[in-house]
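Undergrad:
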Amino acid sequence: MTATSPTDIRRAVRVAADPEALAQAAASVFVTLAMATPKNRDLTVALAGGSTPRRMHEILAAPPHRDAILWKNIQFFWGDERCVPPDHKDSNYNMARETLLEKTPIDPAKVHRMKGEVGPVEGCAAYLKELDHVPAGPDGLPSFDLIYLGMGDDGHTLSLFPGTAPVTDTTNLVAPGYNKNLDSHRITFTPRLLNAARLVVFVVGGASKADVLRQVLEEEGPVETYPSRCARPTSGSVLWLLDAAAASKLSYATLGRS
Ligand code: 6PG
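FYI, in the working numbering the residues of the sequence shown are 1 to 258.
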């Protein structure tokens, strides 16, 4: 069991009034980093799956953000993927393609999707090659500029589900995941790769997440129980973007964390 203390990491918590304001806040982080990236290097971003990112993507794919961002200087990755074809309704890549990539002048050569259709083991092996496009950080691991994460109401993030092997995988950078409730095989970043990032941004909304969010942000305990606790970047930071409903069970101490 790996106990964690919620207080000893570089963490900020921001609360938006409602889902739309949350999506706007998440989009503004993307714009800020994109605008701050020097012209002679690419921004490396890992997108999240699930449903929450949809609205953020739509905001980025529309004026004014669409016309302000140098899309060709952005390398797109995914933190996890379902083992389905890329045009499947459950594909995280497919969701991003529909809501963002098809609507912006990105460089297709800089879109590094996880090949879920080949299965978890082969998909993980193939993705290691894609990570060669991510510059190494101080510890020699691929260090993403920005990783977006969602959180499930069971406290999972990426495809790190409670009690599953990749949650405590300290060796690999990507690993096979499995959601037994959905009988869904996955490819997922491990905590080791996640925590090599410069900035990790959780985007979490809705009252259904409030109880688990309090457990993750305010209670010490094993990462195996609530895998979102694993987000503890070695030299980077974690930003929690929440809407008021998701943040409704948090203490003032947590809400005041800047
Ligand atoms: C996935 C995601 C997963 C997601 C959470 C939250 O592939 O499903 O990576 O970790 O972010 O389950 O999903 P919602 O945004 O739909 O609540």
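Ideal Cβ positions, reconstructed from N, Cα and C, are used throughout, including at glycine.
(1) Throw me the rounded Cβ distance for the G79 and L131 pair, which I believe falls under 8 Å.
(2) Give a yes or no on whether the C-beta atoms belonging to Q75 and T99 are separated by under 7 Å.
(3) Would you mind stating whether G221 and A246 have Cβ atoms separated by less than 7 Å?
(4) Taking 6 Å as the cut-off, is the CB of D42 close to at least one heavy atom of the ligand 6PG?
(5) Can you give me the Cβ contacts of G155 inside the same chain, cut-off strictly under 8 Å, excluding the 5 residues immediately before and after it?
(6) Taking the continuous alpha helix (DSSP H) assigned at S28, which residues delimit it?
(7) In or out: V13 buried (at least 16 other Cβ within 10 Å) or exposed?
(8) Quick one: measure Cβ to Cβ for A46 and F202, integer angstroms, because I've assumed they're closer than 8 Å.
(9) Who pairs with N179 in a beta bridge, going by DSSP?
(10) If you measure between the beta carbons of A36 and T104, is that distance less than 7 Å?
(11) I need the boundaries of the alpha helix (DSSP H) containing L158, first residue and last residue.
(12) Going by CA-CA distance only, name the one from I9, A25, V15 that's closest to D248.
(13) Any chance the CB of A48 is under 6 Å from a heavy atom of the ligand 6PG?
(14) Whole-angstrom Cβ separation of L149 and V200, contact assumed at under 8 Å?
(15) Which residue wins for smallest C-alpha separation from R10, given the options G256, T234, K110?
(16) For a test of the three-state rule: what should DSSP assign to A222, helix, strand or coil?
(17) Taking contact to mean 3 or more Cβ pairs, one atom from each stretch, closer than 8 Å, check whether the region 25-35 and the region 46-60 are in contact.
TA: According to the data block:
(1) Wrong, their Cβ atoms sit about 12 Å apart, outside the cutoff.
(2) no
(3) no
(4) no
(5) P162, V212, Q215, V216, T225, Y226, P227, S228, R229
(6) 19-36
(7) buried
(8) 13 Å between Cβ atoms; not a contact.
(9) S184
(10) no
(11) Run containing L158: none; DSSP gives neither H nor E here.
(12) The sequence shown places Ser at residue 248, rather than the Asp named in the question. For S248, the nearest C-alpha among the options comes from V15.
(13) yes
(14) 6 Å
(15) T234
(16) One point to set straight first is that residue 222 is Pro, not Ala, in the sequence displayed. Note: P222 maps to strand in three-state DSSP.
(17) yes
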